[in-house]
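Worksheet for the structure shown next.
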Amino acid sequence: MRMGFIPTMVRGRTTDPEYVGALAGLLEECEVESVWTVEHVVVAENYEPLYPYSEDGRMPTGPDTAMPDPLEWLSFMAALTQRVRLGTSVVIASQHSAAILAKRAATLDALSRGRLSLGVGLGWQREEYEAVGVPYRDRGRRLDECIEAMRALWQDGPATYQGKYQRFENVRCDTQPVQEGGIPILIGGSSDHAARRAGRLGNGFYPYVISPEDFATRLITLREAARDAGRDADAVELTIWPGSYDFTRTFDLDLVRAYVDQGVSRLVISAGEGGGDDLDSMRRLLESYHEQVIEKL
Numbered sequence: 001m002r003m004g005f006i007p008t009m010v011r012g013r014t015t016d017p018e019y020v021g022a023l024a025g026l027l028e029e030c031e032v033e034s035v036w037t038v039e040h041v042v043v044a045e046n047y048e049p050l051y052p053y054s055e056d057g058r059m060p061t062g063p064d065t066a067m068p069d070p071l072e073w074l075s076f077m078a079a080l081t082q083r084v085r086l087g088t089s090v091v092i093a094s095q096h097s098a099a100i101l102a103k104r105a106a107t108l109d110a111l112s113r114g115r116l117s118l119g120v121g122l123g124w125q126r127e128e129y130e131a132v133g134v135p136y137r138d139r140g141r142r143l144d145e146c147i148e149a150m151r152a153l154w155q156d157g158p159a160t161y162q163g164k165y166q167r168f169e170n171v172r173c174d175t176q177p178v179q180e181g182g183i184p185i186l187i188g189g190s191s192d193h194a195a196r197r198a199g200r201l202g203n204g205f206y207p208y209v210i211s212p213e214d215f216a217t218r219l220i221t222l223r224e225a226a227r228d229a230g231r232d233a234d235a236v237e238l239t240i241w242p243g244s245y246d247f248t249r250t251f252d253l254d255l256v257r258a259y260v261d262q263g264v265s266r267l268v269i270s271a272g273e274g275g276g277d278d279l280d281s282m283r284r285l286l287e288s289y290h291e292q293v294i295e296k297l
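Using the working numbering, you'd call the opening residue of the sequence shown number 1 and step up by one each time.
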């Protein structure tokens with residue numbers, strides 16, 4: 001079982017090179033398999049619709065939260081680590097040019113010697129789409145096209161893609177991923193739409209804030225979509241953030257096993273589940289989780 005980690009992003013600290021260096025050392029020491037970070041180009045003061053992953057509709061962040069560009073931040077982390085995988089949780093790919101995102105991701109994958117896992121999703125803030133100049137409407141199709149177009153660019157030789165939103169003809173992305181088959185793309189989200197997209201297009205499925213029972217239902221949807229697309233559902237890697245369903249049960253082995261028994265191969269936890277955002281608190285959380293959960297699975 002692999003353990004992923006989302007560190008707390010704190011303004012003034014998360015972009016401090018010395019702090020990030022110390023965090024990188026901590027991740028290497030504590031047997032963390034992967035580090036994950038989020039993307040929001042902007043966060044509206046009064047966003048619409050409400051945040052879908054909490055009871056009060058608000059993000060679990062405050063005025064001191066930092067959200068640096070995930071690929072830039074992970075590039076710095078790549079230079080400071082040797083084995084830790086680098087994951088996005090998630091890039092809102094429907095807001096991006098596929099050609100630019102493909103080049104940035106391929107560059108990071110090459111520089112990290114093949115350690116990138118590209119989690120992608122839709123986001124939810126209408127205001128964020130407006131800020132980057134992308135219509136909120138039809139964002140699902142935009143995401144699908146971005147995934148398909150990036151994969152086309154990651155192939156050897158000239159690529160052509162003719163979609164509604166992503167279009168290019170006979171072009172090359174001369175920086176290529178080093179991972180065989182390209183960078184694994186994990187579909188983030190807990191809805192039926194996300195599960196269906198993971199079955200059709202994803203190398204992985206990465207839901208959060210979802211009960212084991214709802215997760216089982218999503219897996220049925222994923223398998224049906226994979227079958228309809230002529231894909232092997234068992235080849236879709238399952239990553240989950242179980243603590244986001246109920247933070248008080250982070251160390252509940254029965255809860256964790258309910259996900260693992262359904263094929264989950266990576267558990268992601270966040271620093272917020274440890275009761276502190278300093279390095280000592282993160283170390284205690286990681287060591288305790290590895291001892292009390294990972295080693296017992």
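Just so you know, even glycine gets a beta-carbon here, dropped at the ideal spot from N, CA and C. Quantities reported herein were computed from a predicted structural model and do not represent experimental measurements.
The beta carbon of Q176 sits closer than 8 angstroms to those of A106, A110, W154, D156, all from its chain and outside the five residues before and after it, given in chain order.
Membership of M77 in the alpha helix (DSSP H) is indicated by the continuous run 70-80. In this chain, M67 is not harboured by any alpha helix (DSSP H), its DSSP state being neither H nor E. By the Cβ criterion, the region 230-240 is in contact with the region 198-214, since at least three pairs of Cβ atoms, one from each stretch, lie closer than 8 angstroms. Counting along the chain, A24 sits inside no beta strand (DSSP E); it lies in the alpha helix (DSSP H) bounded by residues 17-29. Ranked by how close their Cα comes to the Cα of I187, the residues P52, E33, V20, G123 have G123 in first place. Taking 4 residues as the shortest admissible run, the region 72-126 contains the following complete alpha helix (DSSP H) segments, listed from N- to C-terminal end: 98-111.
By the criterion of at least three beta-carbon pairs nearer than 8 angstroms, the region 72-85 is not in contact with the region 125-141.
For the 8 angstroms CB-CB criterion, A66 and M9 form a contact. An exposed status is given to P52, since fewer than 16 other beta-carbon atoms sit within 10 Å of its beta-carbon. Spatial neighbours of L50 in its own chain (CB-CB distance under 6 angstroms, excluding positions within 5 residues in sequence) are listed in chain order as G57.
According to the DSSP assignment, V268 belongs to the beta strand (DSSP E) that extends over 266-270. Excluding the 5 residues flanking it on each side, M150 has same chain C-beta neighbours closer than 6 angstroms at A98, A102, in chain order.
Under the criterion of beta carbons closer than 8 angstroms, R283 and C30 qualify as touching, at roughly 6 angstroms.
By the Cβ-count criterion, G230 is exposed, with fewer than 16 other Cβ atoms from all chains shown falling within 10 Å of its own Cβ.
Closest in C-alpha terms to Y165, from the list A152, P207, C146, comes C146. Exclusion of the five residues before and after Y47 leaves Q125, E127 as the residues of its chain whose Cβ lies within less than 7 angstroms of its Cβ. With a beta-carbon spacing of about 13 angstroms, E28 and M3 fall beyond the 8 angstroms limit used to define contacts. Within the same chain, and ignoring the five residues on either side of K296 in sequence, the residues whose Cβ sits closer than 7 angstroms to its Cβ are L253. Counting only the Cα atoms, F5 lies some 15 angstroms from V256.
An exposed status is given to A22, since fewer than 16 other beta-carbon atoms sit within 10 Å of its beta-carbon.
Here DSSP, grouped into helix, strand and coil, assigns T248 to helix. Beta-bridge partners of I240 (DSSP): L267. A24 is classed as buried because its beta carbon has at least 16 other beta carbons within 10 Å across all chains shown.
Annotated three-state conformation of V171 is strand, per DSSP.
Secondary structure at V260: helix, using DSSP grouped into helix, strand and coil.
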